[in-house]
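Asks: Protein chains in written order, with my numbering: chain A, 13 to 128; chain B, 18 to 129.
Ideal Cβ positions, reconstructed from N, Cα and C, are used throughout, including at glycine.
Predicted model only: the values in this text are computed from it and were never measured.
Before I ask anything, here is the structure I am working with.
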Amino acid sequence: DTAVSQTPKYLVTQMGNDKSIKCEQNLGHDTMYWYKQDSKKFLKIMFSYNNKELIINETVPNRFSPKSPDKAHLNLHINSLELGDSAVYFCASSQDFGGRVGNTIYFGEGSWLTVV
Amino acid sequence: QKEVEQNSGPLSVPEGAIASLNCTYSDRGSQSFFWYRQYSGKSPELIMFIYSNGDKEDGRFTAQLNKASQYVSLLIRDSQPSDSATYLCAVIGSSNTGKLIFGQGTTLQVKP
Chain A
13 DTAVSQTPKY LVTQMGNDKS IKCEQNLGHD TMYWYKQDSK KFLKIMFSYN NKELIINETV
73 PNRFSPKSPD KAHLNLHINS LELGDSAVYF CASSQDFGGR VGNTIYFGEG SWLTVV
Chain B
18 QKEVEQNSGP LSVPEGAIAS LNCTYSDRGS QSFFWYRQYS GKSPELIMFI YSNGDKEDGR
78 FTAQLNKASQ YVSLLIRDSQ PSDSATYLCA VIGSSNTGKL IFGQGTTLQV KP
């Protein structure tokens with residue numbers, strides 16, 4: 013079983029559409045994240061939730077809205093997609109938030125979003 | 018100044034050589050440091066983490082941390098072509114929210 017799974021893996025959509033990416037982790041972790049990796053391969057955090065509570069909300073357009081129905085799921089909804097949203101979106105999880113020893117972050121396989 | 022900086026490379030080494038990957042960070046209060054490997058088209062996978070000054074060895078990999086110099090490195094001994102990938106340095110800063118900040122990655126090419 014994949015520890016952190018996200019769907020869909022590939023998504024091609026037109027500008028202006030609304031789309032969602034789903035993520036689930038079966039590691040029993042309390043904290044989940046969304047990261048974005050752009051065309052230059054730079055990986056940057058977007059959001060973090062701990063036990064369904066928003067912990068980190070980086071400077072992200074409000075067209076992006078995360079939703080955590082429970083601590084094992086963190087979905088990402090994107091409204092009015094733009095060309096610049098094309099990227100790879102990685103879901104991740106860790107035991108809890110914070111930099112304590114052993115709190116390793118594990119990544120899902122990524123969702124390749126292409127906006128045309 | 019970027020929060021975590023790496024030379025993007027590519028760093029090219031012959032098979033069997035030692036590859037040395039370097040990373041500097043700006044937040045002096047950072048406590049946790051990670052090296053991830055990312056193959057093309059794949060997700061980042063954790064290679065090593067280090068929290069204390071000094072060296073930490075795991076097989077062919079050695080992570081080195083110098084908090085005074087705000088410097089962390091990864092050595093790969095006996096490099097293999099299968100080590101060819103992008104290596105991402107990541108740091109959890111002093112804010113303690115668990116925000117993992119990545120460098121831009123160094124592309125390593127190991128030539129047979």
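(1) Can you give me the C-alpha to C-alpha distance between A34(B) and V127(B), rounded to a whole angstrom?
(2) When the Cα atoms are used, what is the spatial distance from L107(B) to Y53(B)?
(3) List the residues that DSSP assigns as beta-bridge partners of P61(B).
(4) For K97(A), name the three-state secondary structure that DSSP assigns.
(5) Check each candidate in Y61(A), A84(A), D50(A), L93(A) and name the one with the smallest Cα separation from F76(A).
(6) Check the Cβ-Cβ distances between L55(A) and every residue of chain B, and say whether any is below 9 Å.
(7) Quick one: what's got a C-beta closer than 8 Å to M65(B)'s C-beta in the same chain, skipping five residues either side?
(8) Nearest by alpha-carbon distance to Q87(B): which of P98(B), L125(B), Q48(B), A102(B) is it?
(9) Find the nearest neighbour of K83(A) within the set D30(A), G28(A), C35(A), V127(A), judged by alpha-carbon distance.
(10) Run through chain B and tell me which residues come within less than 7 Å of I117(A), C-beta to C-beta.
(11) Under three-state DSSP, which class holds S51(A)?
(12) K79(A) to G46(B), Cα distance in whole Å?
(13) Whole angstroms are fine: how far does the CA of Q18(A) sit from the CA of L38(B)?
(14) In chain order, which beta strand (DSSP E) runs of at least 3 residues are fully inside the stretch 88 to 128 of chain B?
Replies: Per the coordinate set shown:
(1) 9 Å
(2) The question names Leu, but residue 107(B) is Ala in the sequence shown. Rounded to the nearest angstrom, the two C-alpha atoms are 8 Å apart.
(3) As far as DSSP is concerned, P61(B) takes part in no beta bridge.
(4) Per the sequence shown, residue 97(A) should be read as Asp rather than Lys. Helix at D97(A).
(5) L93(A)
(6) By this cut-off, L55(A) is an interface position.
(7) F51, W52, K73, D75, F78, A80, L91
(8) Q48(B)
(9) C35(A)
(10) L117
(11) coil
(12) About 31 Å.
(13) 31 Å
(14) With a minimum length of 3 residues, the continuous beta strand (DSSP E) runs that stay inside the stretch 88 to 128 of chain B are 88 to 93, 102 to 109, 117 to 119, 123 to 128.
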